[in-house]
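**Student:** Numbering (my numbering), first residue to last: 244 to 651. By construction, the Cβ of each residue, glycine as well, lies at the ideal position given by its N, Cα and C atoms.
1) Taking contact to mean at least 3 C-beta pairs separated by less than 8 Å, is the region 449-457 in contact with the region 371-389?
2) So what's residue 199 in DSSP terms, helix, strand or just coil?
3) What residues in its chain sit with their C-beta under 7 Å from that of residue 357, if we drop five residues either side in the sequence?
4) Residue 477: which of 337, 622 and 370 sits nearest, CA to CA?
5) Got a sec? Which residues, its chain only, sit under 6 Å from residue 527 by beta carbon, not counting five neighbours each side?
6) I'd like the span of the alpha helix (DSSP H) that includes residue 534, first residue to last.
7) Tell me, please, which residues DSSP counts as bridged to residue 318.
8) Span of the beta strand (DSSP E) holding residue 580?
9) Can you give me the C-alpha to C-alpha distance between residue 633 and residue 530, rounded to a whole angstrom?
10) Under 6 Å Cβ to Cβ from residue 604, same chain only, skipping five residues before and after it: list those, please.
11) Give me the Cα-Cα distance between residue 643 and residue 636, rounded to the nearest whole angstrom.
12) Tell me the residue span of the beta strand (DSSP E) that contains residue 427.
13) Determine the direct distance from the alpha carbon of residue 392 to that of residue 418, and round the result to whole angstroms.
14) Counting only the same chain and skipping the five closest in sequence on each side, list residues whose C-beta sits under 7 Å from that of residue 660.
15) Does DSSP classify residue 521 as helix, strand or coil?
16) Taking 6 Å as the limit between beta carbons, can you name the residues of its chain near residue 622, skipping five residues before and five after?
17) Could you check which residue in 599, 349, 537 and 550 has the C-alpha nearest to that of residue 631?
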């Protein structure tokens, strides 16, 4: 077995490059040698970073130049009844975060939802996108390219789907800007988040477009996808799963659990989440949906950078009058572009796989796609709980004291 000290010395001597250590030793030894090099060059103590519980080789598809693992505290909220199209019954939701008070707040909201009988949730649209950009001589060639694409969707579908045993091409939407043509491919990637699947499939389809039209491919991603950045097109057209969760909270429950009224929460939502967000030019009209999305992503092995799209959420809060004059609260969140999967990527890492087991959603679903749909629905209900709790704290003026008590 190779000694990590010897391996580190070979790097210092220039015999081995630091990113090639796995070619000369097992993955854990390579990670240890890399830690030794970093410790000696920076003076940092990486004992905690090196104290990880899974074989480093399991992370090989997920990271390069590994030195250890970042340990983020994980908690659980719930259970809460979810009446979904894919998720049905009581569910715990694992969340990983460093933000004190977050899980307490979400758990409070889930308790309110549970007392109200649970929340409904549905995935209303599904499609992972990739949008290559092509160069043409001008608008005449752009029109010719678009016409061919619209007339030959089946040809493109055959090419794209030849690269995958699971993905299905749903649509190709063309956009023209001068001498640039963008083709927004959308795929059903089943239980995978599907970005790699969509990229590979689109690359194959692009070869057909180039062969049959005047267009020349400039970039496989032309930013109209739009991946890992705020984008109005994702808010309107969706990306990944578009999912909505809602619940009706009896007025007396609002007063008992949230210490405010349905009218006060509805007004706070309008003035904060709708008017305030509009004034700010925000793409997300919500209080803090990204908190729950981000914590769920870290816990379950999603691509954490795609929290950007998950924050593309609209929260609505309205009052509903009963016949007896009591005012109830209707609450909803609509996440336009929640990109999640239960297979592939970080979902295979040991702690993330265990978190998916808590949800009962590890691996592929039956039928295919149902596990990822269920995960989206449960996260949406978690986001709804977070919105209820925060808006309740704001309208009752308890936010600062809660963070003093729990935020530490």
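**Tutor:** According to the structure data:
1) yes
2) Any answer about residue 199 is impossible in this case: the structure gives the chain only from 244 up to 651.
3) Along the chain shown, one-based indexing puts residue 357 at 114. Around residue 357: 323 and 324.
4) Numbered from its first residue, the chain shown carries residue 477 at position 234. The shortest C-alpha separation from residue 477 is found at 370.
5) For the purposes of this step, residue 527 is taken as the residue at position 284 of the chain shown. For residue 527, where only same-chain residues beyond five positions count, the Cβ hits under 6 Å are 554, 555 and 556.
6) What you label residue 534 is simply residue 291 of the chain shown in a count that begins at 1. Here the alpha helix (DSSP H) through residue 534 covers 532-543.
7) Within the chain shown, residue 318 is the residue found at index 75, counting from 1. Its beta-bridge partners are 338.
8) The count along the chain shown starts at 1 and reaches residue 580 at position 337. Looking at the DSSP string, the run of the beta strand (DSSP E) that includes residue 580 is 570-581.
9) Taking the first residue of the chain shown as position 1, residue 633 is located at position 390. Taking the first residue of the chain shown as position 1, residue 530 is located at position 287. Using only the alpha carbons, I get a separation of about 7 Å.
10) Taking the first residue of the chain shown as position 1, residue 604 is located at position 361. Within the same chain, residue 604 has close Cβ partners 585, 614, 617 and 618.
11) As a first step, residue 643 is located in the chain shown; it is residue number 400 there, counting from the start. As a first step, residue 636 is located in the chain shown; it is residue number 393 there, counting from the start. Unreliable placement is indicated for residue 643, whose pLDDT of 45 sits below 50; the coordinate value is still reported in the next sentence. Rounded to the nearest angstrom, the two C-alpha atoms are 9 Å apart.
12) Within the chain shown, the letter at position 184 stands for residue 427. Its beta strand (DSSP E) spans residues 423-431.
13) Indexing the chain shown from 1 puts residue 418 at position 175. Indexing the chain shown from 1 puts residue 392 at position 149. Roughly 11 Å separates the two Cα atoms.
14) In the structure as shown, the chain begins at 244 and stops at 651. Residue 660 is therefore absent and cannot be evaluated.
15) Taking the chain shown and counting its residues from 1, the one referred to as residue 521 is at position 278. In this structure, residue 521 counts as helix in the three-state DSSP scheme.
16) What you label residue 622 is simply residue 379 of the chain shown in a count that begins at 1. Excluding residues within five positions, the ones whose Cβ falls inside 6 Å are 539.
17) Here residue 631 corresponds to residue number 388 of the chain shown, with the count starting at 1. Here the closest residue by C-alpha is 349.
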